[in-house]
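Under numbering that gives the first Met the number 0, the first residue of the sequence shown carries the number 0, and numbering increases by one thereafter.
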Amino acid sequence: MVKQSSVKSFFQTDMLLYLTILYLVEFVRGAALISFLPIYGDKALGLDLDVIGAAITAHYMTDTGLKLAIGYLLDRLSVRTVVSIGLLFSLIGITALQFAVVPWAFITAAAVYGIGISPIWIVCLTRIKEDQRATQMGFLYTVWLVGLGSGPVVTNLLLDFNRGLTYWVMVGISLAAWLLSLFISGTRSVHIDVVPFRRQLAILGSRLRDMKLLLPGMVLQTLGAGMLLPILPSFAVKSLGMTATHYSILLLIGGGCTVVGLIPMGKLSDSFGKKWFLIAGFLAFGAVLFALTQKPPLGLAFFWAFLLGISYAAVLPAWNALLAAFVPPGQQGLGWGVFSTVEGIGGIIGPLIGGFIATRYSGSSVVGLAGIMFIIISMFYVFFPFRLFKGEAPPPIKVIK
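This is the structure we're talking about:
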């Protein structure tokens, strides 16, 4: 059972500010990637799905490519400096979308927008306590998913009413997130050992070697998810026969079930271990995606969305708590930056592959292929040697200053 003091310490004043900014950032990210960019690019600009996929890839390229540098900067500069500068770039990127009337401008705006996403997320990750990793990950992911899920739901409803209003809502929320970042404390809030950069990379390289068996899963998970991003709205309309309102309800059911399930699943993962949560979660996720390609009736599609949400809730806390065991103490910013960069490789490649397949074949082909990938990931964890990864951090590496 989670101690009340542990929960209170997680929601200290500065953490509440971080979580508020994270919510606003993820609201706009969900609105942009899941709804605005695919729908606006398709209906307003007439862009092919492969161009939309390239724009989402450009977003993830800047987001992922800067994670390592941002982690390094967080180990040396104040949180306020890094977060506020990053969110300023995101604000510029979102604002530039109104000028994105040709493919290259559309892709460039998405790339600039990706610059400011990483810092606040990595800052929140560094505040997770070792003794309650999965549980506190559940709290963190609840905020993250509420933002990520409510963004596209609101955007879908607004897009049917007024595309211009939708755009200005996204700009306004991005502006609010940047203004709030100016109130972050100017001091470094994470204890960092003063270690030369090359030495830090050597420590992290050792951690990556320790966890090399986890690397395929890190990439494939984000690859499968990334493939779905550019095609979800068109798949819902063309393959499932949904209206924008139906699509919003689908997202609301899936996201709501994930949010409700995260904290209980995090507690259970802390108590019983992570293996079967990963196996069952990925298996159910893949099976449901494959079932959606069979063009189910509306009621059954909503039920599949319910199962998707529960399976995602089972996976997220367990996976990230397992990953957190390999973040070196004293290099949390750089550590999460490196690991998030590895995970982001799939996010970079996925939208390109998904957009290409959907343009050449169909959105159903992308969803079915992603489902098969998640089933394969589940089978991978069946044979994965979890006895080597008990959820405990590996032996500490001596730091030579």
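Backbone N, C-alpha and C define an ideal beta-carbon position, used for all residues, glycine too.
Cβ atoms of residue j and residue i: under 8 Å apart, would you say?
{"i": "leucine 109", "j": "glycine 85", "result": "Before going further, note that residue 109 is alanine rather than leucine in the sequence given. Their beta carbons are not under 8 Å apart, which means alanine 109 does not touch glycine 85 by this criterion."}
{"i": "leucine 249", "j": "phenylalanine 301", "result": "yes"}
{"i": "alanine 30", "j": "threonine 154", "result": "yes"}
{"i": "phenylalanine 284", "j": "tyrosine 246", "result": "no"}
{"i": "leucine 32", "j": "histidine 58", "result": "yes"}
{"i": "tyrosine 22", "j": "glycine 146", "result": "yes"}
{"i": "arginine 79", "j": "isoleucine 183", "result": "yes"}
{"i": "methionine 14", "j": "arginine 162", "result": "no"}
{"i": "proline 118", "j": "isoleucine 172", "result": "no"}
{"i": "glycine 370", "j": "alanine 286", "result": "yes"}
{"i": "leucine 321", "j": "leucine 144", "result": "no"}
{"i": "phenylalanine 88", "j": "glycine 45", "result": "no"}
{"i": "serine 83", "j": "tryptophan 177", "result": "yes"}
In this structure, does DSSP put residue i in helix, strand or coil?
{"i": "alanine 99", "result": "coil"}
{"i": "glycine 240", "result": "coil"}
{"i": "valine 193", "result": "Because valine 193 sits at a pLDDT of 46, beneath the cut-off of 50, its placement in the model cannot be relied upon, and the following sentence gives the value as read from the coordinates. Correct three-state label for valine 193: coil."}
{"i": "aspartate 159", "result": "helix"}
{"i": "tyrosine 360", "result": "coil"}
{"i": "isoleucine 33", "result": "helix"}
{"i": "leucine 65", "result": "coil"}
{"i": "arginine 79", "result": "helix"}
{"i": "aspartate 74", "result": "coil"}
{"i": "glutamine 220", "result": "helix"}
{"i": "phenylalanine 373", "result": "helix"}
{"i": "threonine 56", "result": "helix"}
{"i": "leucine 46", "result": "coil"}
{"i": "phenylalanine 284", "result": "helix"}
{"i": "isoleucine 116", "result": "coil"}
{"i": "lysine 273", "result": "coil"}
{"i": "threonine 292", "result": "coil"}
{"i": "phenylalanine 234", "result": "helix"}
{"i": "leucine 181", "result": "coil"}
{"i": "phenylalanine 383", "result": "coil"}
{"i": "glycine 265", "result": "helix"}
{"i": "proline 151", "result": "helix"}
{"i": "proline 215", "result": "helix"}
{"i": "leucine 15", "result": "helix"}
{"i": "leucine 307", "result": "helix"}
{"i": "threonine 94", "result": "helix"}
{"i": "arginine 28", "result": "helix"}
{"i": "leucine 249", "result": "helix"}
{"i": "proline 350", "result": "helix"}
{"i": "threonine 257", "result": "helix"}
{"i": "arginine 126", "result": "coil"}
{"i": "proline 316", "result": "helix"}
{"i": "leucine 21", "result": "helix"}
Among residues of its own chain, excluding the 5 on either side of residue i, which ones have a beta-carbon nearer than 6 Å to its beta-carbon?
{"i": "alanine 304", "result": "Leu249, Ile252 and Gly253"}
{"i": "proline 229", "result": "Pro37, Leu48, Ile51, Gly52, Ile55, Pro350, Gly353 and Gly354"}
{"i": "leucine 239", "result": "Ala300"}
{"i": "tryptophan 167", "result": "none"}
{"i": "valine 381", "result": "Ile278"}
{"i": "methionine 241", "result": "Ala235"}
{"i": "glycine 308", "result": "Gly253, Cys256 and Thr257"}
{"i": "leucine 139", "result": "Cys123"}
{"i": "threonine 292", "result": "Ser363, Val366 and Gly367"}
{"i": "alanine 357", "result": "Leu48, Ile230 and Val365"}
Which residues in the same chain have their Cβ closer than 7 Å to the Cβ of residue i, if we skip the five residues on either side of it in sequence?
{"i": "leucine 72", "result": "Val81"}
{"i": "leucine 282", "result": "Ile374 and Ser377"}
{"i": "alanine 104", "result": "Phe98"}
{"i": "valine 152", "result": "Ser247, Leu250 and Leu251"}
{"i": "lysine 237", "result": "Gly362"}
{"i": "leucine 157", "result": "Leu164, Thr165 and Val168"}
{"i": "lysine 294", "result": "Ser238 and Leu239"}
Which residues in the same chain as residue i place their Cβ atom closer than 8 Å to its Cβ, once the five residues preceding and following it in sequence are excluded?
{"i": "valine 341", "result": "Leu207, Leu214, Met217 and Val218"}
{"i": "leucine 179", "result": "Leu16, Thr19, Ile20 and Leu23"}
{"i": "glycine 150", "result": "Glu25, Phe26, Val27, Arg28, Gly29, Ala30, Ala31, Ile33 and Ser34"}
{"i": "leucine 297", "result": "Leu239, Gly240, Met241 and His245"}
{"i": "aspartate 41", "result": "Leu48, Ile51, Pro232 and Ser233"}
{"i": "methionine 60", "result": "Ala110, Gly113 and Ile347"}
{"i": "aspartate 159", "result": "Ala243 and Thr244"}
Any heavy atom of the ligand FMN closer than 7 Å to the CB of residue i?
{"i": "leucine 90", "result": "Absence of the ligand FMN from the depicted structure is noted, as is the absence of any ligand whatsoever, leaving it without description."}
- Do the segment 267-278 and the segment 56-65 touch if we need at least three Cβ pairs shorter than 8 Å? In short, these stretches do not touch, since the Cβ pair count stays below three.
- Does the segment 224-233 touch the segment 343-350, meaning 3 or more C-beta pairs lie closer than 8 Å? Short answer: they touch.
- Message: Check whether the segment 100-115 and the segment 261-274 are in contact - that is, three or more C-beta pairs closer than 8 Å.
- Response: Result no; under three Cβ-Cβ pairs closer than 8 Å.
- Task: Specify whether the segment 230-237 and the segment 354-370 touch according to this definition: at least 3 beta carbon pairs, one from each stretch, less than 8 Å apart.
- Result: yes
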